[in-house]
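What follows is a short report on a single structure.
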Amino acid sequence: MRQAHSMVGLFMLTFKRDLVLAYRRKSELVNPLIFFLIVASLFPIGVSPEPNFLSQLAPGLVWVAALLATLLSMESLFKSDYEDGSLEQLLLSPQPIFLVVLSKVAAHWLLSGLALTVVAPLLGVMLFLPAEGMPGLMLSLLLGTPTLSLIGAIGAALTVGLRRGGVLISLLVLPLYIPVLIFGSSAVQAAVTGLPLDGYLALLGAMLALALALAPIAAGAALRISVSG
Amino acid sequence: MAFATFSEFLNMGGHGLYVWLSYGLGFLTIALCLYVPIIQGRASRKTLRRRIMRDGDPS
Amino acid sequence: MASKWLPRWFFQLASPRWCYDFTGKLIPWFAVVGGLLLAVGIVWGLLFAPSDYQQGNSFRIIYLHVPAAILAQSLYMLMAIAGAIGLIWKMKVADMVAKSVAPIGAAIAILALATGAIWGKPTWGSWWVWDARLTSMLVLLFLYLGVIALNSAIENEKTAAQSTSVLSLVGLVNIPIIKYSVEWWNTLHQPATFTLTEKPAMPAEMWMPLLVMVIATYIVFGLAIILRLRNEILVRERRSSWVKALLTR
């Protein structure tokens, strides 16, 4: 591998590496998306397929499904690198860990959060979300899912050394997801009723900014602790 | 005193169930939080003491 | 690091032995004062304080619910700060304090939720209601449970202490954000009804026993934490000579 001598260089190197590794396991890439669709389908099947009822649920429901699908894919963020020792190597390198974390999360988000955002309108249609809500849905997911990935990375970093960290990640991270869920689904709700979205999107943006600043540091610290333990 | 008779006190103006249930839970929580460490402490001290006596190493 | 501006007692705290001896001296005081204040507060609240005009005698649950709620939040802060101190200054005692606080904090959060729910039944008619305070307390409980779960999942004690310290700090930063968003969410879905506790409007006969109860619960649960801490110290320091001498006296 070429030596990375700059921050951007290291970022791009790790970013590209993660994308290439993910591409080699193409079949796994669609799993979060399938899960996303299945979870959303459970509600019409389990509760009621009635359009008026579902369209009321739709904003929150798509968001909850996106949240759960993101959570499900978080465990793999650091796991394979931990198992083959490359995580330890990355931590030993002189470059700051937060950069490594940031690039891994970015690659992960591209394949999960962004993919979910693109597929979301399909769910919207299945759940009778009014057409006015679609742009709001996509915008809120676009701003919210990176935050979910960033917070999820902290959970993944804390549990990377554990054998069955999957459910534990959810337990640790779900309470932290609640603010994003509240404002994300409210944004969609506002879009449906024709109210302005700006406030919600600004808040989601602010949370993203905070997560971008703090989460990689926390995840980096957690990685150091988990790997050394 | 806010109550004239003991039975009025128990009844709490019809809300007796709620008040006594809450205070009962309160007492239970306090009791458990104090009792459990005491019991655990005794048990672990006994185990450690036995290990030290037996082979000098409490691990 | 920074030993010039930190007082000497700060570093004295780092000695598990000193901590064990010091807390041993505190126990009788905490037990007596705490027990006394608790008795005074409960008798005052149950027998002498007036009942609320609207809520009747179920109002007396406030003397348990509010202290529990306040304590649940303060203890989380204590746990996070102790964890941070353990992480930054590598103090074992700070880690032990954080570990001792977690289950107590969770128990108190459950008590706050239970008393809040029970209080809600005669007031609002149902055993649970998604109001801002109860929902925030529920999320706080989830945060506590997460810390406890992470601690028990990691076998290495040092790693467990460090990881849970990071987690509690992340939780601490999130608590104001969660509170704000839950309150906001609540105003969206419920018109502003009167809250369970109207603190500013309470006359002295009502908030004075409340104050006594708050102080009493701090002391009583502080005692509980001290008891757990001492157990933790003995177990972790079992190989040191002072513990061996103590146990074989």
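Protein chains in written order, with this note's numbering: chain A, 1 to 229; chain B, 230 to 288; chain C, 289 to 537. C-beta atoms are modelled at their ideal positions from N, C-alpha and C, and glycine is treated no differently.
Can you tell me whether DSSP reads Phe482(C) as helix, strand or coil?
For Phe482(C), the predicted structure reports a pLDDT of 49, less than 50, and the residue's modelled location is therefore unreliable. A value from the coordinates is still provided. Phe482(C): coil per DSSP, three-state reduction.
Would Leu162(A) and Ile442(C) qualify as a contact pair, given that the criterion is a beta-carbon distance under 8 Å?
Taking 8 Å as the Cβ cut-off, Leu162(A) and Ile442(C) qualify as a contacting pair.
Which stretch, first to last residue, makes up the alpha helix (DSSP H) that contains Thr536(C)?
Counting along the chain, Thr536(C) falls outside any alpha helix (DSSP H), and DSSP gives it neither H nor E.
Taking only three categories from DSSP, how would you classify Gly344(C)?
If DSSP states are grouped into helix, strand and coil, Gly344(C) belongs with the strands.
Any chain A beta carbon closer than 8 Å to Ala437(C):
So, interface residue.
Measure the C-alpha to C-alpha separation of Leu99(A) and Leu116(A) and round it to an integer number of angstroms.
Answer to the nearest angstrom: the Cα atoms are 24 Å apart.
Going along the chain, which unbroken runs of the alpha helix (DSSP H) with 4 or more residues stay wholly within the segment 5–60 of chain A?
Segments of the alpha helix (DSSP H) lying fully in the segment 5–60 of chain A: 7–24, 26–29 and 31–46.
Assuming Thr234(B) is part of the alpha helix (DSSP H), what are its boundary residues?
Here Thr234(B) belongs to no alpha helix (DSSP H), and DSSP marks it neither H nor E.
Anyone know if the C-beta pair for Leu54(A) and Leu127(A) falls short of 8 Å?
Contact check for Leu54(A) against Leu127(A) passes: the beta carbons are separated by less than 8 Å.
Terminal residues of the continuous alpha helix (DSSP H) containing Asn444(C)?
Premise fails: Asn444(C) is in no alpha helix (DSSP H) and is neither H nor E.
At a cut of 8 Å, does the segment 492–508 of chain C reach the segment 354–364 of chain C through at least three beta carbon pairs?
Touching, yes, given that three or more Cβ pairs across the two stretches are closer than 8 Å.
Helix, strand or coil at Pro96(A) [DSSP, three-state]
In the three-state reduction of the DSSP assignment, Pro96(A) falls in the coil class, being assigned neither a helical nor a strand state.
Can you find a CB in chain B that lies within less than 8 Å of the CB of Phe482(C)?
Residue placement at Phe482(C) is poorly supported in this model, since its pLDDT is 49, which falls under 50; the coordinates are not used for a value here.
For the segment 256–270 of chain B, list every residue whose C-beta sits within 8 Å of some C-beta in chain C, in sequence order.
Those residues of the segment 256–270 of chain B that come within reach of chain C (Cβ to Cβ, closer than 8 Å) are Thr258, Ile259, Leu261, Cys262, Leu263, Pro266, Ile267, Gln269 and Gly270.
Just reading off the alpha helix (DSSP H) that Ile315(C) is part of, what are its end residues?
Ile315(C) -> alpha helix (DSSP H) spans Pro304 to Val331.
If we cut at 8 Å on Cβ distances, does Lys313(C) have a partner in chain B?
No, because no Cβ of chain B sits closer than 8 Å to the Cβ of Lys313(C).
Under 8 Å Cβ-Cβ, which residues of chain A neighbour Asn444(C)?
The answer, in chain order, is Gly229.
Please list, in chain order, the chain C residues whose beta carbon lies closer than 9 Å to that of Leu277(B).
The answer, in chain order, is Leu522, Val523, Arg526, Val531, Lys532 and Leu535.
Going along the chain, which residues of the segment 171–189 of chain A sit with their C-beta nearer than 8 Å to a C-beta in chain C?
Residues passing the 8 Å Cβ filter: Leu171, Leu172, Leu174, Pro175, Leu176, Ile178, Pro179, Ile182, Phe183 and Ser186.
Could you name the residues of the same chain whose beta carbon sits closer than 8 Å to that of Met490(C), not counting the 5 residues immediately before and after it, in chain order?
Only Leu498 meet the Cβ criterion.
By DSSP, does Met207(A) sit in helix, in strand, or in coil?
The answer is helix: DSSP assigns Met207(A) an H, G or I state.
Straight-line gap, Leu431(C) to Lys387(C) (C-alpha atoms, nearest Å)
Leu431(C) and Lys387(C) have their C-alpha atoms roughly 14 Å apart.
Could you check whether the Cβ of Gly371(C) sits closer than 8 Å to any Cβ belonging to chain A?
At least 8 Å separates the CB of Gly371(C) from every CB of chain A.
Assuming Tyr468(C) and Leu428(C) form a contact by the criterion Cβ under 8 Å, report the distance between their Cβ atoms to the nearest whole angstrom.
Not a contact, Cβ separation roughly 14 Å.
Pick from Ser80(A), Val62(A) and Ser170(A): whose alpha carbon is nearest that of Leu129(A)?
In terms of Cα proximity to Leu129(A), the closest of Ser80(A), Val62(A) and Ser170(A) is Val62(A).
Given the structure, does Leu534(C) come close to the ligand ADP, in the sense that its CB is under 7 Å from one of the ligand's heavy atoms?
Among the components of this structure there are no ligands whatsoever, and the ligand ADP is therefore not found.
Could you pull the start and end residues of the alpha helix (DSSP H) that Val160(A) belongs to?
DSSP places Val160(A) outside any alpha helix (DSSP H), giving it a letter other than H or E.
Any beta-carbon of chain C closer than 8 Å to the one on Gly253(B)?
With 8 Å as the cut-off, Gly253(B) does not count as an interface residue toward chain C.
Below-8 Å beta-carbon distance, Phe235(B) vs any chain C residue
Proximity of Phe235(B) to chain C, defined by a Cβ-Cβ separation below 8 Å, is not satisfied.
Quick one: is Ile447(C) near chain A, going by C-beta distance under 8 Å?
This sequence places Thr at residue 447(C); Ile is not what is there. When Cβ-Cβ separations below 8 Å define contact, Thr447(C) makes contact with chain A.
Classify Phe265(C) as buried or exposed, calling it buried when 16 or more other Cβ atoms lie within 10 Å of its own Cβ.
Only positions 289 to 537 of chain C appear in the structure, and residue 265(C) is not among them; the question remains open.
Under 8 Å between the Cβ atoms of Lys104(A) and Leu67(A)?
Result no, Cβ atoms of Lys104(A) and Leu67(A) do not sit closer than 8 Å.
Consider the Cβ of Leu158(A): report whether some Cβ of chain C lies at a distance smaller than 8 Å.
Yes, Leu158(A) counts as interfacial toward chain C.
Candidates Gln89(A), Gly85(A), Val101(A) and Glu75(A): which alpha carbon is nearest Gly220(A)'s?
Closest in C-alpha terms to Gly220(A), from the list Gln89(A), Gly85(A), Val101(A) and Glu75(A), comes Val101(A).
Report the three-state DSSP secondary structure of Val119(A) (helix, strand or coil).
Looking at Val119(A) - three-state DSSP - the assignment turns out to be helix.
Would you give the residue range spanned by the alpha helix (DSSP H) that Ile349(C) belongs to?
Premise fails: Ile349(C) is in no alpha helix (DSSP H) and is neither H nor E.
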